[in-house]
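A quick write-up on the structure given underneath.
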Amino acid sequence: MPTFQGNTTSKLPEAPTSIFAVMSHLAQKEKAINLSQGYPDFPTSPELIELVSKAMREGFNQYAPMPGILPLREVIAEKIESLYGTAYHPESEITVTAGATQAIFTIITAMVQEGDEVIIFAPAYDCYEPSIRLNGGKAIEIELRPPSYGIPWDQLASAIGEKTRMIIINTPHNPTGTVLSRNEMIQLEKLVRDTDITILSDEVYEHIIFDGLEHQSVARFPGLAERSFLVASFGKTFHNTGWKMGYCAGPELLMKEFRNVHQFNVFSVNHPIQKALSGYMKNPENYLSLPDFFQEKRDKFLRAIQGSGFKFTPSKGTYFQLLNYEDISDEQDLELAKKWTRELKLASIPVSVFYNQKTDHKVLRFCFAKSEETLMRGAAILNEIESF
Ligand code: GLN
Numbered sequence: 018m019p020t021f022q023g024n025t026t027s028k029l030p031e032a033p034t035s036i037f038a039v040m041s042h043l044a045q046k047e048k049a050i051n052l053s054q055g056y057p058d059f060p061t062s063p064e065l066i067e068l069v070s071k072a073m074r075e076g077f078n079q080y081a082p083m084p085g086i087l088p089l090r091e092v093i094a095e096k097i098e099s100l101y102g103t104a105y106h107p108e109s110e111i112t113v114t115a116g117a118t119q120a121i122f123t124i125i126t127a128m129v130q131e132g133d134e135v136i137i138f139a140p141a142y143d144c145y146e147p148s149i150r151l152n153g154g155k156a157i158e159i160e161l162r163p164p165s166y167g168i169p170w171d172q173l174a175s176a177i178g179e180k181t182r183m184i185i186i187n188t189p190h191n192p193t194g195t196v197l198s199r200n201e202m203i204q205l206e207k208l209v210r211d212t213d214i215t216i217l218s219d220e221v222y223e224h225i226i227f228d229g230l231e232h233q234s235v236a237r238f239p240g241l242a243e244r245s246f247l248v249a250s251f252g253k254t255f256h257n258t259g260w261k262m263g264y265c266a267g268p269e270l271l272m273k274e275f276r277n278v279h280q281f282n283v284f285s286v287n288h289p290i291q292k293a294l295s296g297y298m299k300n301p302e303n304y305l306s307l308p309d310f311f312q313e314k315r316d317k318f319l320r321a322i323q324g325s326g327f328k329f330t331p332s333k334g335t336y337f338q339l340l341n342y343e344d345i346s347d348e349q350d351l352e353l354a355k356k357w358t359r360e361l362k363l364a365s366i367p368v369s370v371f372y373n374q375k376t377d378h379k380v381l382r383f384c385f386a387k388s389e390e391t392l393m394r395g396a397a398i399l400n401e402i403e404s405f
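Note that the working numbering numbers the sequence shown so that position 81 is 98, with each residue one more than the last.
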């Protein structure tokens, strides 16, 4: 038996294991269809894999430059400017990261000081609050309510105060599948004008948006862009979440502080993949084709469960669909998600875990970034549920 009795006082007391780890583990154990954790069950592009292998063969196997290789930062800058209008300088305003999670942690570490408040909207992606807490800040949570999950603007206005250091937004939004409109972004721009508030804009699903809607990046709004970190993830865009690659863009003033932390956080990230992405991203079709690709999956999934007992509003973006089960069961969502994984062999994510108060609206999240076969098997199970 180990005898070490050192001080292991937790810096994150009460933090449960991430729901994604919990549900995927359970799905695997139960051999259930896994529509819980958000990742595709189809392959990434063979062309991209070949480009990574080529970069490895050609010797790009040592540390990349700290902010990322310049050719990749250049294509990222071109992409953002052509889609959203803001020109970020590749030398000083873009940094390649080990996925969006690292970018988010680095931003919060660089910006949030002891006692600062950070406004987040719940249901909130699970890494925001712990990252704020670890840095001595306090998350001020504003609840978004179904079915619209719209931002309550009056509540946001009154939550902003002297201590507000940052506001975190996420569009398209995980887990609700809602998107912020142009008018909402303008409203936000007006609210933060004449303040020192920084925005962290989590845009990892920027290319997964449906029904002809346009992604409203902070980079479309000068009054937001000047105070924002824009966070993106290649894993979402190129179907390779396991590569953990992404980037952060922001004005030089902010990026300087970001890099101050990034250099001691990871220093630099995967070199051969950066090399490969710098070539692959030159063809915009590789990301501009995503709305049609995922909308077809959403529509097939929703058509297949049309006659089921679930209520839903079609997701406007992301590869997640919320299903309301209040006509089927009054069980608590976390318990139900686990029960259905064990007994029906279908795994989903309970939405209450993304609220500080564990607010249970009887809603489960299903990931439709899956092959048609997986989706149809999942839909068949959902159709059979009448009451539980
Ligand atoms: N973003 C993914 C999701 O929402 C999961 C990422 C993770 O497992 N941490 O399901």
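Where a beta carbon is used, it is the ideal one built from N, C-alpha and C, also for glycine.
State the beta-bridge partners of F337 as determined by DSSP.
For the purposes of this step, residue 337 is taken as the residue at position 320 of the sequence shown. Its beta-bridge partners are C384.
I need the DSSP call for F59, collapsed to helix, strand or coil.
Translated into the one-based positions of the sequence shown, residue 59 becomes position 42. In the structure shown, F59 sits in coil (DSSP, three-state: anything other than H, G, I, E or B).
Curious, which full-length alpha helix (DSSP H) runs of at least 4 residues does the segment 240 to 284 contain?
For the alpha helix (DSSP H) assignment, the uninterrupted runs of no fewer than 4 residues enclosed by the segment 240 to 284 are, from N- to C-terminal side, 251 to 254 and 269 to 282.
Only counting runs of 3 or more residues, tell me where the beta strand (DSSP E) segments fall wholly within the segment 58 to 117, in order along the chain.
DSSP runs (the beta strand (DSSP E)) wholly in the segment 58 to 117: 111 to 114.
In its own chain, which residues sit with a C-beta less than 7 Å from the C-beta of Y336, not counting the 5 before and 5 after it?
Your numbering for residue 336 matches position 319 in the sequence shown. For Y336, where only same-chain residues beyond five positions count, the Cβ hits under 7 Å are G55, I225, F311, C384, F385 and A386.
Sheet register partners of V135 (DSSP bridge):
In the sequence shown, residue 135 corresponds to position 118, counting from 1. Note: V135 sits in a beta bridge opposite A156 and M183.
DSSP three-state assignment for L319, whether helix, strand or coil
Start at 1 with the first residue of the sequence shown, and residue 319 comes out as number 302. Looking at L319 - three-state DSSP - the assignment turns out to be helix.
With P88 and V113 assumed to form a contact (beta carbons below 8 Å), what rounded beta-carbon distance in angstroms separates them?
One-based indexing of the sequence shown puts residue 88 at position 71. One-based indexing of the sequence shown puts residue 113 at position 96. About 11 Å; that fails the 8 Å criterion.
Alpha carbon to alpha carbon, how far is K261 from F138? Give it in angstroms, no decimals.
For the purposes of this step, residue 138 is identified with residue 121 of the sequence shown, where counting begins at 1. For the purposes of this step, residue 261 is identified with residue 244 of the sequence shown, where counting begins at 1. Their Cα atoms are separated by approximately 24 Å.
Residue nearest to G259 in terms of C-alpha spacing, selected from A44, F59, T25 and I50:
Position 242 of the sequence shown holds residue 259. With distances taken between Cα atoms, G259 lies closest to F59.
Identify whether L353 lies in helix, strand or coil by the three-state DSSP scheme.
Locating residue 353 in the sequence shown gives position 336, counting from the first residue. DSSP, read as helix, strand or coil, puts L353 in helix.
Compute the beta-carbon to beta-carbon distance between F406 and P308, rounded to the nearest angstrom, for a pair I have assumed lies under 8 Å.
No statement about residue 406 is possible, as the shown extent of the chain runs from 18 to 405 and does not include it.
Would you call the CB atoms of A3 and I159 closer than 8 Å?
This structure gives no information on residue 3, because the portion of the chain shown stretches from 18 to 405.
Is the beta carbon of R182 sitting closer than 8 Å to the one on I216?
To locate residue 182, count along the sequence shown from 1; it is residue 165. To locate residue 216, count along the sequence shown from 1; it is residue 199. Against a cut-off of 8 Å, the Cβ pair of I216 and R182 comes out as no contact.
Using 10 angstroms around the beta-carbon of E75, count the other beta-carbons present and answer buried if the total reaches 16, otherwise exposed.
The residue labelled residue 75 in the question sits at position 58 within the sequence shown. So E75 counts as exposed.
Environment of L305 [buried if 16+ CB atoms lie within 10 Å]:
Residue numbering aside, residue 305 sits at position 288 when the sequence shown is read from its first letter. Exposed, because fewer than 16 other Cβ atoms sit within 10 Å of the Cβ of L305.
Straight-line CA distance for C265 to N191?
Residue 265 sits at position 248 when you count from the first residue of the sequence shown. Residue 191 sits at position 174 when you count from the first residue of the sequence shown. Straight-line Cα distance between these residues: approximately 18 Å.
Which of helix, strand or coil DSSP assigns to I214
Here residue 214 corresponds to residue number 197 of the sequence shown, with the count starting at 1. DSSP, reduced to helix, strand and coil, places I214 outside both helices and strands of the structure shown, so it counts as coil.
Measuring only from the beta carbon, is S365 closer than 7 Å to any heavy atom that is part of ligand 1?
Mapped onto the sequence shown, residue 365 falls at position 348. S365 Cβ: outside cutoff for every heavy atom of ligand 1.
Alpha carbon of H378 to alpha carbon of I125, nearest angstrom:
Your numbering for residue 378 matches position 361 in the sequence shown. Your numbering for residue 125 matches position 108 in the sequence shown. Pairing H378 with I125, the inter-Cα distance amounts to about 29 Å.
Are S250 and G116 closer than 8 Å when you measure CB to CB?
For this step, residue 250 is matched to residue 233 along the sequence shown. For this step, residue 116 is matched to residue 99 along the sequence shown. Taking 8 Å as the Cβ cut-off, S250 and G116 qualify as a contacting pair.
Which listed residue (E179, L100 and V196) has its alpha carbon closest to that of D211
In the sequence shown, the residue the question calls residue 211 occupies position 194. Of the listed residues, the one whose Cα sits closest to D211 is E179.
Sorted by chain position, which residues of the same chain lie with C-beta nearer than 7 Å to E47's C-beta, five sequence neighbours on each side aside?
On the sequence shown, position 30 is the one that residue 47 refers to. The beta carbon of E47 is closer than 7 Å to those of T358, R359 and K362 in its chain, skipping five residues each way along the sequence.
Alpha carbon to alpha carbon, how far is D350 from K375? Give it in angstroms, no decimals.
Against the sequence shown, residue 375 aligns to sequence position 358. Against the sequence shown, residue 350 aligns to sequence position 333. Rounded to the nearest angstrom, the gap between the Cα atoms of K375 and D350 is 10 Å.
State the Cα-Cα distance for the pair K355 and K155, rounded to the nearest angstrom.
Position 338 of the sequence shown, counted from the first residue, corresponds to residue 355. Position 138 of the sequence shown, counted from the first residue, corresponds to residue 155. Approximately 31 Å between the Cα atoms of the pair.
Cβ of T338 within 8 Å of Cβ of S332?
Position 321 of the sequence shown, counted from the first residue, corresponds to residue 338. Position 315 of the sequence shown, counted from the first residue, corresponds to residue 332. Reading off the sequence shown, one finds Gln at residue 338, where the question assumed Thr. Pairing Q338 with S332 gives a Cβ-Cβ distance under 8 Å.
Between S369 and ligand 1, is the CB less than 7 Å from at least one heavy atom?
Within the sequence shown, numbered from 1, the residue matching residue 369 stands at position 352. For ligand 1, not one heavy atom lies less than 7 Å from the Cβ of S369.
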